[in-house]
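Chemist:
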Amino acid sequence: MDPNYKQNIVSLNHCLFNQLAATAYVDRRDSIMFVNPKNPAHQQSNVCCRLHLPDATNDTFDGFLAATRQRFSTLSLQPRYHVTEHDAAPSLDTLASQFLRHGFQVDRDIDMIMACTHASFIAAFSQNDSGSKPLSAEHQVRRARMGDLAALTHLFGEAFGYGDDLDWLQYKLASQLRDYQVAIYVLAQEACPKIISAVILNSPDGHPDLMHVNVCATHPEYQRLGLGLECLQVALAAELKPNKTAYLEVYDEIAHAQRMYRRAGFQDQGSLHHLTAYLPRV
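Numbering (the UniProt record's numbering), first residue to last: 1 to 282.
#1: Under 8 Å by Cβ, that's how I've got Asn243 and Leu16 pegged, so tell me the actual separation to the nearest angstrom.
#2: Identify whether Asp59 lies in helix, strand or coil by the three-state DSSP scheme.
#3: Buried or exposed: Gln269, going by 16 or more other Cβ atoms within 10 Å of its Cβ?
#4: Taking the alpha helix (DSSP H) that Ala257 falls in, what are its first and last residues?
#5: Please report the distance separating the alpha-carbon of Ala255 from that of Ala246.
#6: Can you give the Cα-Cα distance for Asn18 and Ser11, rounded to whole angstroms?
#7: With distances taken between CB atoms, is the gap from Ala159 to His219 smaller than 8 Å?
#8: Apart from the five residues just before and just after Pro54, which ones in its own chain have a Cβ nearer than 7 Å to its Cβ?
#9: Just the Cα atoms here: how many angstroms apart are Ser132 and Gln258?
#10: Got a sec? Which residues, its chain only, sit under 7 Å from Ala88 by beta carbon, not counting five neighbours each side?
#11: Output the distance between the C-alpha atoms of Ile9 and Phe266, rounded to the nearest integer angstrom.
#12: Whose C-beta lies closer than 7 Å to the C-beta of Trp168 among residues of the same chain, with five residues either side of it excluded?
#13: Between which residues of its own chain and Asp30 is the CB-CB distance below 7 Å, once the five residues before and five after are set aside?
#14: In the DSSP assignment, the beta strand (DSSP E) including Arg108 goes from what residue to what residue?
#15: Since Gly270 is in the beta strand (DSSP E), which residue starts that stretch and which ends it?
#16: Quick one: using the 10 Å Cβ neighbour count with 16 as the cut-off for buried, is Ile113 buried or exposed?
#17: Using the Cα positions of Leu152 and Leu173, report the straight-line distance between them to the nearest angstrom.
#18: Going by the CB atoms, is the gap between Arg108 and Leu248 shorter than 8 Å?
Shown next as structure tokens:
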């Protein structure tokens, strides 16, 4: 286990937030804010994180909250806060109580953090039969291109149940397709524009030794066939270099996803507790 796994995954997430926000990065003494008024509905583009308050008094928290909410309000954005146990001061429990005192909804979750070195990927790949069941001779895994934007948006919308309003998702994916630090791989049927599975990898300049598996998704009609693993393996084979370690986080209760990642060479590093605070919609 890497003793720095919490720092690594938190840093990778901050890089992701910064790339997605693209328009503004506000480094306060008590927190970091990422905002993108051009894509107000995307949560990871508009978020305040890394809360380091000097004390746990109500006055200190109230001042912090008033200042950051004003920033969100000025840009017509919904206030949203994401804090992990690694970058929270005071504790997550104290912060949760403070947000609740102000009428925020607070979600508490636990992620399993997993990591894969180049060597562990090669070892797993050489031993592993992905178990995928090819849909046809024409299906292949390839690097995504801008012409895949509509199909990618549809895939992620279906895979995660995002509903019908997907403008924010299309904006986010278009930004990532243009970002040289991001590599998106898709498993597709060449006979039709349908994308069946996709993997998004982020290799931020600020961490040349790290890679972040942002997401691995498969269309609901084709899940549990090994196609997500196949797509992930091809992506890692192309992008995971000997000097890099790939990290990802997955909800601790999603056992089947953890099994898939282990088959690709990822190893458990430990857990990371975090909270998200936001105002309920009225």
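Where a beta carbon is used, it is the ideal one built from N, C-alpha and C, also for glycine.
Modeler: Reading from the atomic positions:
#1: Sequence index remark: in the sequence shown, residue 243 carries index 243 (1-based). Sequence index remark: in the sequence shown, residue 16 carries index 16 (1-based). Going by Cβ atoms, the distance from Asn243 to Leu16 rounds to 21 Å, so no, they are not a contact pair.
#2: Taking the sequence shown and counting its residues from 1, the one referred to as residue 59 is at position 59. DSSP places Asp59 in helix when its eight states are reduced to three.
#3: If you number the sequence shown from 1, residue 269 lands on position 269. Answer is buried; the Cβ neighbour count reaches 16.
#4: The residue labelled residue 257 in the question sits at position 257 within the sequence shown. Note, Ala257: alpha helix (DSSP H), Ala255 to Arg263.
#5: Against the sequence shown, residue 255 aligns to sequence position 255. Against the sequence shown, residue 246 aligns to sequence position 246. Distance between the alpha carbons of Ala255 and Ala246 is about 19 Å.
#6: If you number the sequence shown from 1, residue 18 lands on position 18. If you number the sequence shown from 1, residue 11 lands on position 11. For Asn18 and Ser11, the distance between alpha carbons rounds to 11 Å.
#7: As a position in the sequence shown, residue 159 is number 159, starting the count at 1. As a position in the sequence shown, residue 219 is number 219, starting the count at 1. A contact, by the Cβ cut-off of 8 Å.
#8: Taking the first residue of the sequence shown as position 1, residue 54 is located at position 54. Closer than 7 Å at Cβ, skipping near neighbours: Thr60.
#9: As a first step, residue 132 must be located in the sequence shown, where it is residue number 132. As a first step, residue 258 must be located in the sequence shown, where it is residue number 258. For Ser132, the pLDDT reaches just 45, beneath the cut-off of 50, and the residue's location in the model is therefore unreliable, although a value from the coordinates is still provided. In a straight line, the C-alpha of Ser132 is about 17 Å away from that of Gln258.
#10: Your numbering for residue 88 matches position 88 in the sequence shown. Result list for Ala88: Leu51 and Leu95, in chain order.
#11: For the purposes of this step, residue 9 is taken as the residue at position 9 of the sequence shown. For the purposes of this step, residue 266 is taken as the residue at position 266 of the sequence shown. Computed Cα separation, rounded: 14 Å.
#12: Mapped onto the sequence shown, residue 168 falls at position 168. Correct list, in chain order: Asn39, Ala41 and His42.
#13: If you number the sequence shown from 1, residue 30 lands on position 30. Excluding sequence neighbours, Asp30 sits near Leu51, His52, Leu53 and Phe64.
#14: Position 108 of the sequence shown, counted from the start, is the residue given in the question as residue 108. Taken as a continuous stretch (DSSP letters only), the beta strand (DSSP E) holding Arg108 covers Gln105 to Thr117.
#15: As a first step, residue 270 is located in the sequence shown; it is residue number 270 there, counting from the start. Gly270 -> beta strand (DSSP E) spans Gln267 to Tyr278.
#16: Translated into the one-based positions of the sequence shown, residue 113 becomes position 113. By the neighbour-count rule (16 or more Cβ atoms within 10 Å), Ile113 is buried.
#17: Mapped onto the sequence shown, residue 152 falls at position 152. Mapped onto the sequence shown, residue 173 falls at position 173. One C-alpha to the other measures close to 8 Å.
#18: Residue 248 sits at position 248 when you count from the first residue of the sequence shown. Residue 108 sits at position 108 when you count from the first residue of the sequence shown. For Leu248 and Arg108, no; Cβs fall outside 8 Å.
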